[in-house]
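All residue numbers in the sequence shown are consecutive under UniProt numbering, ending with 74. C-beta atoms are modelled at their ideal positions from N, C-alpha and C, and glycine is treated no differently. All of these numbers come straight from a predicted model, not from anything done at the bench. Beneath this line is the structure, given in structure tokens, with notes to follow.
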Amino acid sequence: MHHQYKASECGRQIQVTNKGSHSHVGGKGNTITVTVQDTCASCDEGHVDFSHAAWEALTDGSPHGQIELEWTWL
Numbered sequence: 001m002h003h004q005y006k007a008s009e010c011g012r013q014i015q016v017t018n019k020g021s022h023s024h025v026g027g028k029g030n031t032i033t034v035t036v037q038d039t040c041a042s043c044d045e046g047h048v049d050f051s052h053a054a055w056e057a058l059t060d061g062s063p064h065g066q067i068e069l070e071w072t073w074l
């Protein structure tokens with residue numbers, strides 16, 4: 001996420017949809033719900049890190065990489 005988000009957002013859930021990739025990453029169209037653990041103050045805006053289990057569900061088990069995604073607060 002990005003430093004513009006407040007620590008109070010930790011513990012909230014977001015719904016994330018894999019919008020595709022320009023590389024080998026699969027799972028386009030997969031949607032998952034995850035819980036925000038931290039806000040990563042040093043990350044670039046729009047950057048989201050996922051647990052291994054969440055990444056596998058979102059990308060059909062693809063190796064690490066980058067994807068375009070869309071997310072919303074629940």
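Can you have a look at residue i and say buried or exposed, based on whether 16 or more other CB atoms are within 10 angstroms of its CB?
i: leucine 74; result: exposed
i: alanine 57; result: buried
Thinking C-beta only, is residue j closer than 8 Å to residue i?
i: glutamine 15; j: tryptophan 71; result: yes
i: aspartate 60; j: glycine 26; result: yes
According to DSSP, which residues form a beta bridge with residue i?
i: threonine 72; result: Gln15
i: isoleucine 32; result: Val16
By how many angstroms is the C-alpha of residue j removed from the C-alpha of residue i?
i: proline 63; j: valine 34; result: 19 Å
i: histidine 22; j: isoleucine 67; result: 8 Å
i: histidine 47; j: arginine 12; result: 17 Å
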